[in-house]
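See below for the structure under consideration.
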Amino acid sequence: MKYLLLFTILIQTITLVATPTKDHGKLMPYETNGFQNPTYPDHTLWQFLLQQYVDDTGQVDYSGLLKEKHVLESYVNILKEKQPSGNWSRNAKLSYYINLYNSYTVLLILDNYPTSSIKKINQPWDQKLIPLGGNVISLGDLEHEILRKMDEPRIHFAINCASASCPKLLNEVYLPETLDEQLERVTYEFIESDRNRIEKDHLELSKIFKWYKNDFLDGDIRAYINTYTNVNIAEDAKVSYLEYDWNLNGR
Numbered sequence: 001m002k003y004l005l006l007f008t009i010l011i012q013t014i015t016l017v018a019t020p021t022k023d024h025g026k027l028m029p030y031e032t033n034g035f036q037n038p039t040y041p042d043h044t045l046w047q048f049l050l051q052q053y054v055d056d057t058g059q060v061d062y063s064g065l066l067k068e069k070h071v072l073e074s075y076v077n078i079l080k081e082k083q084p085s086g087n088w089s090r091n092a093k094l095s096y097y098i099n100l101y102n103s104y105t106v107l108l109i110l111d112n113y114p115t116s117s118i119k120k121i122n123q124p125w126d127q128k129l130i131p132l133g134g135n136v137i138s139l140g141d142l143e144h145e146i147l148r149k150m151d152e153p154r155i156h157f158a159i160n161c162a163s164a165s166c167p168k169l170l171n172e173v174y175l176p177e178t179l180d181e182q183l184e185r186v187t188y189e190f191i192e193s194d195r196n197r198i199e200k201d202h203l204e205l206s207k208i209f210k211w212y213k214n215d216f217l218d219g220d221i222r223a224y225i226n227t228y229t230n231v232n233i234a235e236d237a238k239v240s241y242l243e244y245d246w247n248l249n250g251r
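Heads up: the sequence shown is residues 1 to 251, going by UniProt numbering.
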């Protein structure tokens with residue numbers, strides 16, 4: 001029965017891959033990268049789960065996902081078996097680590113479901129969960145010791161902490177060939193979303209910009225925001241930070 005279910009999942013996923021994305025009306029090039037390229041992990045299962053259980057606003061159907069937890073476990077095992085090596089490009093490594101982070105965050109929620117917040121879980125970012133490079137690391141290790149050290153500030157809008165104020169969980173796999181476009185898209189969407197209030201003389205920002213200030217143009221938050229908004233922000237604009245909503249990003 002289990003094998004029949006997995007076969008059904010793969011057939012459904014092939015159908016999904018052949019369907020244009022809602023926002024961009026173009027095919028994601030899965031046939032030429034992570035799904036078929038033997039160098040990289042096969043992301044078919046993760047793509048299926050994202051498209052079935054995450055809506056376009058990033059809200060997650062955790063109760064539905066819980067019924068298919070074994071599929072997610074199969075996916076993270078694929079990531080375990082095919083890890084980055086020296087011949088991988090920077091984008092290949094970066095997309096791998098983003099998918100790794102997001103899939104393990106979802107798995108952590110499912111392991112503790114039902115819960116109203118990731119912060120209800122004991123030390124969610126310190127638990128040693130993720131087999132990588134011969135070690136078992138935490139979500140915090142992956143974020144701070146690997147992802148942030150890759151000098152790509154847009155990762156802060158791609159990795160998801162399963163909370164209402166977090167950048168949304170994108171309902172598509174991050175891939176090397178499309179990574180830059182995907183990172184630009186999620187960065188624009190987050191900065192222009194209601195998680196920030198941007199006016200010429202006053203910025204009320206997500207605390208992400210406070211916690212990781214030095215990751216954004218060496219701390220020049222105004223200049224960084226100016227890159228992603230149509231508002232002409234004054235150099236002396238006041239900056240304050242909004243309360244962070246840690247409620248679960250579930251529906």
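Yeah, the Cβ is synthetic: ideal placement off N, Cα and C, and Gly gets one too.
Being a predicted model, the structure only gives us computed values, none of them experimental.
query: Please report the straight-line C-alpha distance between T227 and G140, rounded to a whole angstrom.; result: 28 Å
query: Whose C-beta lies closer than 7 Å to the C-beta of T13 among residues of the same chain, with five residues either side of it excluded?; result: At T13, the pLDDT of 42 sits below 50, so the modelled position is not reliable; the number obtained from the coordinates is stated separately. The residues are T44, Q47, F48.
query: Tell me which residue opens and which closes the beta strand (DSSP E) that I155 is part of.; result: It is not in any beta strand (DSSP E) - I155 carries neither H nor E in the DSSP assignment.
query: For Q182, does the count of other Cβ atoms within 10 angstroms reach 16, so buried, or fall short, so exposed?; result: buried
query: Taking the alpha-carbon of C39 as reference, which of Q83, A158, L242, S240 has the nearest alpha-carbon?; result: Residue identity differs from the one stated: residue 39 is Thr in this sequence, not Cys. When each option's Cα is compared against that of T39, the closest is Q83.
query: Could you tell me whether the stretch 111-120 touches the stretch 179-195, using the rule of 3 or more Cβ pairs below 8 Å?; result: no
query: Which class does G133 belong to by DSSP, given the choice of helix, strand or coil?; result: coil
query: Starting from the Cα of Y244, find the closest Cα among L175, V231, S165 and give me that residue.; result: S165
query: Under the assumption that G250 contacts K168 (Cβ atoms under 8 Å), give the Cβ distance between them as a whole number of angstroms.; result: Rounded, the Cβ-Cβ distance is 13 Å, inconsistent with contact.
query: Determine the contact status of I137 and E145, defining contact as a CB-CB distance below 9 Å.; result: yes
query: Drop a sphere of 10 angstroms on the beta-carbon of A92, count the other beta-carbons inside from all chains shown, and report buried for 16 or more, exposed for fewer.; result: buried
query: I need the DSSP call for R251, collapsed to helix, strand or coil.; result: coil
query: For the stretch 132-216, list the alpha helix (DSSP H) runs that are entirely contained and at least 4 residues long, ordered along the chain.; result: 179-191, 208-211
query: Assuming V239 is part of the beta strand (DSSP E), what are its boundary residues?; result: 238-241
query: Around the Cβ of N160, are there at least 16 other Cβ atoms within 10 angstroms (buried) or fewer (exposed)?; result: buried
query: Looking only at its chain, what residues have a beta carbon closer than 7 Å to the beta carbon of L132, apart from the 5 residues adjacent to it on each side?; result: Q83
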